[in-house]
Amino acid sequence: PLDPGITLNEAFSKKSELYNLYKNDEDVKKLIDISKKLEGVNRNVGKHAGGVVISPTKITDFCPLYCDENGNNPVTQFDKNDIEYVGLLKFDFLGLRTLTTISCTVDMINSKLLLNKKEININSISLDDQKCFDLLKACKTTAIFQLESHGMKDLIKRLKPDCFEDIIALLALFRPGPLQSGMVDNFINRKHGYEKIAYPDHKWQHILLKPVLESTYGIILYQEQVMKIAQILAGYTLGKADILRRAMSSKNLKDMAKQRKVFLEGSQKNGINMKLAIKIFDLLEKFAGYGFNKSHSVAYALVSYQTLWLKTYYPAEFIASTMNSDIDNIEKIIVLVHETFNMKLKIISPNINLSKYEFYVDNFNNIIYGLGAIKGIGENSIKSIIEERDKNGYFYDLFDFCTRCDPNKINRRILEKLIMSGSFDSINEDRNYLLNLIENAIKISKEHMRIKNNRQASLFGSFKDELNIIKKNHLFESSYCKQDQLQNEYQVLGFYLTGHPISQYKKELKYYINNLKNSELKLINKEKITLGVVVSIKVKTTKNNNKIAILILDNYTRRSEIVIFKKVFNLFEHLIQLNEILIVKGIIESNKNSKIIACDIMNLTLAREKYVKKLIIIFTKNKDKFFLEKLYQLLEKQDKGNILIDFDTIKCSFIGSDNVKLKFC
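Going letter by letter, the sequence shown gives residues 1 to 665 in our numbering.
This is the structure:
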């Protein structure tokens with residue numbers, strides 16, 4: 001069962017699939033018998049990420065410590081409960097990278113707004129901005145703090161939050177307890193009027209509880225609500241109410257029995273019906289196990305809303321700042337780049353004359369790609385390039401770049417990565433030509449440095465004249481290949497930025513997808529058709545010697561994880577290759593929209609054989625008789641197939657190097 005915290009015995013009591021495996025599979029039975037002995041035993045010592053313990057004297061006067069093998073990083077041997085029991089003060093410090101992202105976004109915005117003297121103050125924004133909630137309800141929450149997971153997007157779709165209080169509730173509801181208890185369904189149904197609101201239950205409610213529970217539609221969601229109810233009905237002080245809260249959170253049966261007695265006695269003194277008081281306490285006890293600290297949820301909700309507001313009104317600056325916070329994490333950068341495509345934001349490729357180390361937004365609202373996000377180029381190398389550019393102006397060619405930059409910081413490997421990433425495209429778009437030029441550029445750079453260091457006079461009058469003569473001696477032809485350029489780009493950026501391998505097949509692939517959707521194999525619930533180029537392959541062998549594969553398909557705007565099990569793998573193993581364009585039909589796994597279990601796989605060749613009835617060869621320029629005869633001879637040699645071939649000529653001013661176009665239909 002998908003219940004976090006469930007024990008093996010509890011799983012067996014539900015007659016689950018695990019139970020059936022245990023009864024019928026000897027290997028599983030042996031594994032679970034061993035697991036039962038280990039269940040509940042501490043696996044290892046854990047350390048709180050931001051927990052600090054404060055004591056009035058030496059901490060060893062109160063509890064034992066342990067440290068790492070070098071004697072560093074002392075940690076208490078007591079856990080959080082024992083620390084409190086011996087009277088020590090424990091603080092949990094939580095650092096959020098998102099706060100830095102917000103600050104950097106605001107700085108980036110204000111640096112541009114300074115000209116108009118209209119700076120923004122993120123702490124004074126309206127918390128009921130309808131545009132923000134429209135973006136939220138549309139589930140466009142990628143990069144929004146705490147709201148970007150698939151599960152959270154599904155909850156947002158159902159809840160349709162339309163006020164700040166709903167965001168607070170979202171964060172409190174999206175936890176295992178509320179999700180599994182049915183509380184979330186009740187909350188949503190009450191919000192949208194499908195279920196009548198009660199305070200808190202239809203059979204057991206009290207009018208005094210309405211002000212406490214109104215914001216959560218009568219659902220006891222927050223620990224503070226438990227404390228307030230105890231104050232109103234049973235006359236608790238704030239201090240005693242907090243003791244009740246802690247007893248409920250820890251599920252301490254002894255403490256709960258004491259609190260029940262105090263609650264009932266207090267309620268009786270306040271004239272509350274005893275039967276009602278008992279039922280209310282039972283409800284408090286039930287809901288408090290799932291209750292969340294509202295102050296914590298409010299603090300998080302404010303950060304979530306601020307990122308939502310920035311994405312709504314300043315999307316380019318927000319995405320650029322978010323990229324900067326994850327500049328060393330290529331997987332996060334890929335997600336954010338795909339988000340820029342979905343948001344119709346323009347992202348400018350790395351540019352040796354425009355880019356900085358980090359991402360930034362130019363005056364035309366374009367995101368300029370940060371050189372720091374190129375794989376394998378260190379920060380010191382990039383900073384030396386930018387310092388030289390700021391000091392002496394733009395670079396006008398590769399030779400100029402190499403002679404001006406420090407050769408100790410810019411070597412062959414870095415030059416290759418800069419060229420492959422497109423950083424020199426503004427100087428020369430032929431990346432293959434520049435790659436072939438590296439050797440000569442480095443030689444010239446070294447010669448230039450030697451002359452400069454030795455303060456020798458040039459035979460030709462100046463370094464610039466000499467450079468021009470050397471350049472003329474190193475001119476050569478270059479063969480341009482778009483697909484090779486894209487693969488090199490993918491290698492250093494981790495994704496395709498200036499184009500995509502499937503772009504030239506876009507219309508053709510759309511035709512196949514439509515045929516698949518209209519075929520006899522109608523899509524049912526959770527079935528999906530996706531396509532893309534294979535950018536990652538992992539093949540695993542099970543203990544039964546069966547092979548399964550996990551592919552990542554990239555289609556320019558998103559990535560999908562494809563899981564291929566034994567039966568499908570054996571059928572289509574020959575198609576599973578890097579850089580292959582595949583069309584996959586499969587089943588969406590659970591709520592993970594980007595993970596698909598493959599049922600059927602085709603590449604372009606198979607799709608053409610299955611769906612193409614005619615191939616039209618279009619001549620975009622006039623052809624002589626010799627060309628047509630050669631083409632006829634070529635086709636005549638081919639084996640006869642089932643696809644009719646038509647020739648067509650069109651009169652148009654065709655721009656480009658291609659003289660012939662193909663059309664599949």
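For every residue, glycine included, the Cβ atom is placed at its ideal position computed from N, Cα and C.
This one's a predicted model, so the numbers in the text were calculated from it and none came from an experiment.
Sequence-distant Cβ neighbours of K90 in its own chain, meaning closer than 7 Å and more than five residues away, are G51, V53, K80, I83 and E84.
Rounded to the nearest whole angstrom, the CA to CA distance from I167 to E439 is 58 Å.
By the neighbour-count criterion, in which a residue is buried when 16 or more other Cβ atoms sit within 10 angstroms of its Cβ, M420 is buried. In terms of Cβ geometry, Y369 and S355 form a close pair [threshold 8 Å]. Assigned with DSSP and collapsed to three states, F287 falls in helix. Note on geometry: alpha-carbon atoms of I616 and L606 lie some 18 Å from one another. Just so you know, the alpha carbons of L21 and S35 end up roughly 14 Å apart. Within a 10 Å sphere around the beta-carbon of G372 sit 16 or more other beta-carbons, which makes this residue buried. The shortest C-alpha to C-alpha distance from I102 to any of N363, K311 and F395 is the one to K311. Under the DSSP definition of a beta bridge, Q205 partners with P200.
Under DSSP, R559 takes part in a beta bridge, and its partners are D554.
Around Y236, the same chain offers A230, L244 and G266 as residues with beta carbons nearer than 7 Å, after the five sequence neighbours per side are excluded. With a 10 Å radius around the Cβ and a threshold of 16 neighbouring Cβ atoms, P407 comes out exposed.
A598 carries a strand assignment under DSSP once its states are collapsed to helix, strand and coil. Leaving aside the five residues that flank I197 on each side, the residues in its chain whose CB is nearer than 8 Å to its CB run, in chain order, R190, Y217 and G218.
In this structure, the alpha-carbon of K344 lies about 14 Å from that of A320.
Here the alpha carbons of Y512 and D425 stand approximately 35 Å from one another. When secondary structure is reduced to three states using DSSP, I327 falls in the coil class, being assigned neither helix nor strand. Excluding sequence positions up to five before and after I581, its CB lies within less than 6 Å of the CB of I502, V533 and L604, all in the same chain and listed in chain order. Put simply, the segment 179-189 does not touch the segment 123-130. Fewer than three CB pairs are less than 8 Å apart. Comparing alpha carbon positions, the residue from I272, L170, K417 and I552 closest to K294 is L170. Three or more Cβ pairs closer than 8 Å define a contact, and the segment 494-510 meets that threshold against the segment 548-567.
For D92, the uninterrupted beta strand (DSSP E) run begins and ends at L89 to D92, by DSSP. Looking from the CA of I386, the closest CA among L398, K375 and C405 belongs to C405. For F263, the enclosing alpha helix (DSSP H) starts and ends at L253 to K269. Residue pairing of F292 in beta bridges, as defined by DSSP: Y222.
Spatial neighbours of L437 in its own chain (CB-CB distance under 6 Å, excluding positions within 5 residues in sequence) are listed in chain order as L398. When DSSP states are grouped into helix, strand and coil, F647 belongs to the strand group. Going by DSSP, S536 is part of no alpha helix (DSSP H) but of the beta strand (DSSP E) stretching over E527 to T541. Taking every protein chain shown into account, the CB of L96 has fewer than 16 other CB atoms within 10 angstroms, so this residue is exposed. In the displayed model, V612 falls within coil according to three-state DSSP, outside both helix and strand.
Nearest in C-alpha terms to A316, of all of E26, V337 and A441, is V337. Per DSSP, the continuous beta strand (DSSP E) segment holding I587 begins and ends at I581 to I588. Note on geometry: alpha-carbon atoms of T100 and I109 lie some 14 Å from one another. Sixteen is the threshold: when 16 or more other Cβ atoms of the shown chains lie within 10 Å of the Cβ of V212, as they do, the residue is buried.
Here L531 is near I583, since their CB atoms are less than 8 Å apart.
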